[in-house]
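Novice: Sequential numbering from 1005 applies to the sequence shown in our numbering. Even glycine gets a Cβ: it sits at the ideal position worked out from N, Cα and C.
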Amino acid sequence: MNKIALLIFTFLMVSCNSKAQDSKKEEKFSINKTDTEWRAQLTEVQYHVLREEGTEPAFSSKLNKTYDPGIYVCAACGTPLFKSEHKFDSGSGWPSFDREIKGNVAYSTDYKIGYARSEEHCAACGGHLGHVFNDGPSKTTGMRHCINGAALKFIPKDE
Ligand code: FE
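(1) Any heavy atom of the ligand FE within a distance shorter than 7 Å of the CB on Gly1118?
(2) Within 10 angstroms of the Cβ of Met1017, are there 16 or more other Cβ atoms? Answer buried if so, exposed if not.
(3) For the ligand FE, is there a heavy atom less than 7 Å away from the beta-carbon of Gly1058?
(4) Can you list, in chain order, the stretches of the alpha helix (DSSP H) that have 4 or more residues and sit fully within the stretch 1098-1125?
(5) Can you tell me whether Lys1028 is helix, strand or coil according to DSSP?
(6) On the CB-based measure, 16 or more other CB atoms within 10 Å of its CB, does Ser1100 come out buried or exposed?
(7) Counting only the same chain and skipping the five closest in sequence on each side, list residues whose C-beta sits under 8 Å from that of Lys1023.
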C-alpha cells in the first residue's frame, strides 16, 4: 500500500513540476518548443548551451576569432542578437561583444559558480547565450558580453 501511495505521490509531483515549467515558458517567450523539438533541431553542443545553460570549452568555437562584417543570430530561432562591429578580442576564448542588439537579449541573475552573474538569453526563445561582465573595452561601453559560439549563427553581410 505504501509503495502505491509513493508512486501516486511521485507521479503528482512530476506532473505538477512540468506544468509549472510550461506555464512559465509560455509567459516569458514568444517562441516555445518542447524539449523533444529542441533536441531534434539542435546539435548536441547547441542543445547543451542553449537549453541546459551549458558552457562550451574555451577556444572551441570557430566564431571566436571571426571578425568579418555581418550579424550574429540566435542558433535556435534566428533572432538577430549581436553585430560584427561590436565584436572584440577579449582573449577569453569565447566570442565577445561590447553591446547587444537592444531588446533582443534578456537578462537574469545566476549563482551557478557561487556569486551573482548576469546571465543573458535570447529574448524570443529563451535560449541561454552566456554572461555579461563590466570588464569590457573602456573606450566603448565597458561591457563584455561573453557568448557561447554554439548559441550563435553568423550571417555574413552580403547574404
Ligand atoms: Fe532564440
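Specialist: For this structure:
(1) No.
(2) Residue placement at Met1017 is flagged as unreliable, the pLDDT there being 48, under the threshold of 50; the coordinate-derived value follows with that caveat. Met1017 sits exposed, since fewer than 16 C-beta atoms from the chains shown fall within 10 Å of its C-beta.
(3) Here the distance from the Cβ of Gly1058 to the nearest heavy atom of the ligand FE is not below 7 Å.
(4) No alpha helix (DSSP H) of 4 residues or more sits fully in the stretch 1098-1125.
(5) No answer about Lys1028 holds up, because its pLDDT of 29 lies below 50 and its placement is not dependable.
(6) Ser1100 comes out buried.
(7) Reliability of the predicted coordinates at Lys1023 is poor, the pLDDT of 41 falling under 50, and no value is obtained from them.
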